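Written out below as C-alpha coordinates is the structure these notes cover.
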Amino acid sequence: MADLEELCAKAGLKMTGQRRTILQVLNEAGDHPSVEDIYERAKTLDPSISM
(Lines of atoms letter the chains of each structure in order from A; the text may use other names.)
(Lines give C-alpha, C1' and ligand atoms only; values in the text may rest on other atoms or scores of the structure.)
Protein backbone atom coordinates (compact mmCIF):
# COMPACT_ATOMS: atom_id res chain seq x y z
CA MET A 11 0.00 0.00 0.00
CA ALA A 12 2.99 2.29 0.48
CA ASP A 13 3.48 2.25 -3.30
CA LEU A 14 -0.07 3.49 -3.81
CA GLU A 15 0.43 6.26 -1.26
CA GLU A 16 3.66 7.24 -3.02
CA LEU A 17 1.86 7.40 -6.38
CA CYS A 18 -0.78 9.68 -4.88
CA ALA A 19 1.89 11.92 -3.38
CA LYS A 20 3.67 12.17 -6.74
CA ALA A 21 0.34 13.17 -8.29
CA GLY A 22 0.06 15.96 -5.74
CA LEU A 23 -2.76 14.37 -3.75
CA LYS A 24 -2.87 14.91 0.00
CA MET A 25 -3.11 11.54 1.76
CA THR A 26 -6.22 11.89 3.91
CA GLY A 27 -7.68 9.23 6.16
CA GLN A 28 -10.53 8.72 3.71
CA ARG A 29 -8.11 8.22 0.81
CA ARG A 30 -6.18 5.70 2.89
CA THR A 31 -9.41 3.81 3.54
CA ILE A 32 -10.26 3.74 -0.19
CA LEU A 33 -6.74 2.54 -1.01
CA GLN A 34 -7.05 -0.16 1.65
CA VAL A 35 -10.34 -1.36 0.15
CA LEU A 36 -8.83 -1.46 -3.35
CA ASN A 37 -5.65 -3.13 -2.14
CA GLU A 38 -7.61 -5.88 -0.37
CA ALA A 39 -10.15 -6.41 -3.16
CA GLY A 40 -9.87 -9.82 -4.76
CA ASP A 41 -12.34 -8.78 -7.44
CA HIS A 42 -13.05 -5.78 -9.64
CA PRO A 43 -15.40 -3.76 -7.42
CA SER A 44 -17.79 -1.15 -8.74
CA VAL A 45 -17.83 2.34 -7.28
CA GLU A 46 -20.82 1.31 -5.18
CA ASP A 47 -18.97 -1.78 -3.91
CA ILE A 48 -15.94 0.32 -2.97
CA TYR A 49 -18.19 2.80 -1.16
CA GLU A 50 -20.02 0.09 0.80
CA ARG A 51 -16.78 -1.63 1.83
CA ALA A 52 -15.14 1.67 2.78
CA LYS A 53 -18.21 2.72 4.76
CA THR A 54 -17.79 -0.33 7.02
CA LEU A 55 -14.24 0.80 7.82
CA ASP A 56 -14.97 4.54 8.10
CA PRO A 57 -18.61 5.59 8.52
CA SER A 58 -17.69 9.22 7.75
CA ILE A 59 -16.97 8.42 4.08
CA SER A 60 -19.50 9.77 1.60
CA MET A 61 -19.79 9.95 -2.16
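Throughout, this note's numbering is defined as the position within the sequence shown, counted from one, plus 10. Idealized CB from N, CA, C, for every residue including glycine. Quick caveat, the model's predicted, so the values are computed rather than measured.
Between the alpha carbons of P43 and M25 lies a gap of roughly 22 Å. For Q34, the closest alpha carbon among the candidates V45, M11 and K20 is that of M11. For S58, the CB contacts under 8 Å within the same chain, skipping 5 residues up- and downstream, are Q28 in chain order.
Sequence-distant Cβ neighbours of K53 in its own chain, meaning closer than 7 Å and more than five residues away, are I59.
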